[in-house]
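Undergrad:
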Amino acid sequence: MDNCVPNSDTQAAAAQAHDHNHQHGHVDVQADIASAKLAWESWKSSDPKDWDHALAEKQRLLKEDPRAWKKAMNEIDADEKAQADARDLERRNQVQADIQAETAQPASAGDPAPLSQEYLSETAPPSSAPENQLRNVDAASASASATAPSMADAPVVVAQPGYSPDSPFAPPAPDTPAYNAAYNQPPAKFYGLNLGILKLGVNSHGSIDAGVNIGLARAEVQVGLENRVDGEFMPIGHSPLHARVGAGVGVNRNGFHGEAGAGLNVFNLVGGDADVGARLGRDIGFDGDLRGRALLVNGQGDAGVSLGPNGLNAYGGGNADILKTVGARGGGRVNLGPQDTGIAAGVGMNVAGHTLDFGPSIDAYPDGSVAPDLHLDPGKVEAPAFFPTGDRALDQK
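The sequence shown begins at 60 in our numbering and counts up one residue at a time.
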């Protein structure tokens with residue numbers, strides 16, 4: 060989609076109307092939805108200042124009216140999908156016309172081969188929901204870039220063997236900083252001999268790469284700029300039994316890094332994952348994540364600290380539940396950075412999908428506003444709390 064620059068008068072009018080509604084204790088959902096859509100337009104601008112505005116508006120809406128933000132992102136996603144479908148239909152019609160034109164003319168020896176009918180079955184790659192594109196980019200990295208981040212710049216999420224959300228016997232892969240740092244990175248290109256059961260060569264990460272895969276188990280070793288050892292038992296997505304272990308250290312354009320982790324699943328009745336990661340370079344920090352399951356009881360937690368372009372940030376949270384029906388959670392965060400300086404801590408409970416969270420928070424923003432609060436927030440499990448809960452997928456919303 061083409062870049063567009065939002066009108067500053069429109070931004071100011073929308074913000075003034077929204078502030079007026081909140082001053083009188085009334086949340087105007089339609090105004091918040093309009094503000095969220097305007098933030099999305101700002102995100103597509105070529106001006107880094109507009110990206111900062113978009114991120115600040117997103118933070119404000121998630122604190123004041125998260126349902127409006129979610130609804131706006133869903134509407135934008137639906138609109139962009141409809142536009143993509145229309146473009147795909149136009150492309151298909153053009154290809155069909157080209158094929159008909161080719162078949163209507165006799166082919167000569169110098170003509171290229173006719174277009175294959177299989178081309179008509181191709182579909183454009185699915186685009187990420189707009190919420191994810193705006194959600195997963197931090198303000199500092201966006202401001203430092205000369206152009207707005209595109210989908211091509213987004214990290215490649217690699218499907219990990221042994222984890223399959225579609226299987227009742229395999230839990231989904233962990234969604235945590237330490238796990239993602241180790242596994243969900245753009246895959247390296249391999250150059251060498253790969254026989255399936257055995258491979259030996261080098262990869263584009265600057266390492267010698269050797270591995271063995273006998274079906275029931277696999278092992279891989281990398282030595283070079285990236286040094287890593289991985290082992291896996293039953294590396295099959297729908298396997299009711301699965302185990303993994305891995306550790307590595309290396310250097311890339313962001314500096315030095317190291318990760319270690321292990322996971323176990325037994326018929327999705329007993330199992331768990333534990334991962335730790337550390338960074339030293341553009342960002343200095345540490346993350347640790349843990350989740351476990353024992354029959355009816357589930358638990359997970361994470362903690363970390365980082366110092367980098369976004370300032371100093373520390374967090375920790377955890378939750379436990381029985382059959383994802385009755386549970387408790389708690390956590391805290393400290394932020395000291397250019398976009399948000401604040402502190403929050405809270406505890407909460409979950410009963411049949413309904414939550415109640417309690418605790419204090421205070422945040423200061425670049426425009427000089429300060430937002431202290433003593434929360435007693437009812438909600439639902441899919442809505443993020445004002446404090447980290449140890450559920451990475453939820454905390455990132």
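Glycine included, every Cβ here is placed at the ideal spot set by N, Cα and C.
Taking the C-alpha atoms as reference points, what is the distance between Pro-447 and Pro-299?
TA: 31 Å
Undergrad: Suppose the cutoff is 6 Å on Cβ atoms and the five residues either side in sequence are ignored; what does the same chain contact list for Gln-176 look like?
TA: Confidence in Gln-176 is poor, its pLDDT being 40 and thus under 50, which makes the residue's placement too unreliable to answer from.
Undergrad: Leu-257 lies in the beta strand (DSSP E); which residues open and close that run?
TA: 257-262
Undergrad: Starting from Asn-239, trace the alpha helix (DSSP H) in both directions and tell me its first and last residue.
TA: 236-241
Undergrad: With distances taken between CB atoms, is the gap from Asp-334 to Ala-241 smaller than 8 Å?
TA: Taking 8 Å as the Cβ cut-off, Asp-334 and Ala-241 qualify as a contacting pair.
Undergrad: CA-CA distance, Gly-386 and Val-410?
TA: 7 Å
Undergrad: Please state the DSSP three-state secondary structure of Ser-420.
TA: strand
Undergrad: Tell me the rounded alpha-carbon separation between Asn-372 and Arg-146.
TA: It is roughly 43 Å from the alpha-carbon of Asn-372 to the alpha-carbon of Arg-146.
Undergrad: DSSP beta-bridge partners for Pro-431?
TA: Ile-421
Undergrad: Can you give, in chain order, each stretch of the beta strand (DSSP E) that sits fully within the stretch 356-430 and has at least 3 residues?
TA: Segments of the beta strand (DSSP E) lying fully in the stretch 356-430: 356-367, 370-381, 385-395, 400-410 and 413-423.
Undergrad: Over what stretch of residues does the beta strand (DSSP E) that includes Val-440 continue unbroken?
TA: Careful: Val-440 lies outside any beta strand (DSSP E) and carries neither H nor E.
Undergrad: Determine the DSSP secondary structure at Ser-101, reduced to helix, strand or coil.
TA: DSSP places Ser-101 in helix when its eight states are reduced to three.
Undergrad: If you draw a straight line from the alpha carbon of Lys-117 to that of Leu-254, how long is it in whole angstroms?
TA: 49 Å
Undergrad: Consult DSSP for Arg-57 and reduce its assignment to one of helix, strand or coil.
TA: What the structure shows of the chain is the stretch from 60 to 456, and residue 57 is not part of that stretch, so it cannot be assessed.
Undergrad: Let me know the secondary structure DSSP gives Gln-118 once reduced to three states.
TA: helix
Undergrad: Where do the ends of the alpha helix (DSSP H) carrying Leu-453 lie?
TA: 451-454
Undergrad: Please classify Asn-311 as buried or exposed, where buried requires at least 16 other C-beta atoms within 10 Å of its C-beta.
TA: exposed
Undergrad: In the DSSP output, what is Tyr-250 paired with across the bridge?
TA: Answer is Val-261.
Undergrad: Could you check if Pro-431 is buried or exposed, using at least 16 other CB atoms within 10 Å of its CB as the buried criterion?
TA: exposed
Undergrad: Within a Cβ cutoff of 6 Å, which residues of the same chain sit near Leu-366, ignoring the five residues on either side of it in sequence?
TA: Ile-343
Undergrad: Can you name, in chain order, every residue of its own chain whose Cβ lies under 6 Å from the Cβ of Gly-16, other than the five neighbours on each side?
TA: In the structure displayed, the chain extends from 60 to 456; residue 16 sits before or after that span and is not available.
Undergrad: To the nearest angstrom, how far is the alpha carbon of Asn-243 from that of Arg-119?
TA: 30 Å
Undergrad: If you drop the 5 nearest sequence neighbours on each side, which residues of the same chain put their C-beta closer than 6 Å to that of Gly-283?
TA: Gly-265, Ser-266 and Ile-267
Undergrad: For Ser-101, count the other beta carbons within 10 Å of its own beta carbon; 16 or more makes it buried, fewer makes it exposed. Which is it?
TA: buried
Undergrad: Mark Glu-318 as exposed unless 16 or more other C-beta atoms lie within 10 angstroms of its C-beta, in which case mark it buried.
TA: buried
Undergrad: Taking C-beta to C-beta, are Gly-331 and Gly-314 nearer than 8 Å?
TA: No, the Cβ-Cβ distance between Gly-331 and Gly-314 is not below 8 Å.
Undergrad: At the level of alpha carbons, what is the spacing between Gly-363 and Gly-375?
TA: 6 Å
Undergrad: Using the Cα positions of His-85 and Arg-126, report the straight-line distance between them to the nearest angstrom.
TA: For His-85, the pLDDT reaches just 43, beneath the cut-off of 50, and the residue's location in the model is therefore unreliable, although a value from the coordinates is still provided. When rounded, the distance between both Cα atoms is 15 Å.
Undergrad: Just verifying my parser: in three-state terms, what is the DSSP assignment at Leu-148?
TA: helix
Undergrad: Give the range of the beta strand (DSSP E) segment to which Ala-306 is assigned.
TA: 300-311
Undergrad: For Gly-320, which option in Ala-115, Asn-369 and Tyr-238 has the closest C-alpha, if you only look at C-alpha atoms?
TA: Tyr-238
Undergrad: For Ile-267, name the three-state secondary structure that DSSP assigns.
TA: strand
Undergrad: Excluding the 5 residues preceding and the 5 following His-434 in the sequence, name in chain order all residues of the same chain whose CB lies nearer than 8 Å to its CB.
TA: Gly-405, Asp-416, Phe-417, Gly-418, Pro-419, Ser-420 and Phe-445
Undergrad: Give me the residue from Val-304, Tyr-222, Glu-441 and Ala-115 with the minimum Cα distance to Pro-397.
TA: Closest option to Pro-397, Cα to Cα, is Ala-115.
Undergrad: What is the DSSP secondary structure of Asn-286, reduced to helix, strand or coil?
TA: strand
Undergrad: Assuming Asn-262 and Ala-247 are in contact, meaning their beta carbons sit under 8 Å apart, how far apart are those beta carbons, in whole angstroms?
TA: 4 Å
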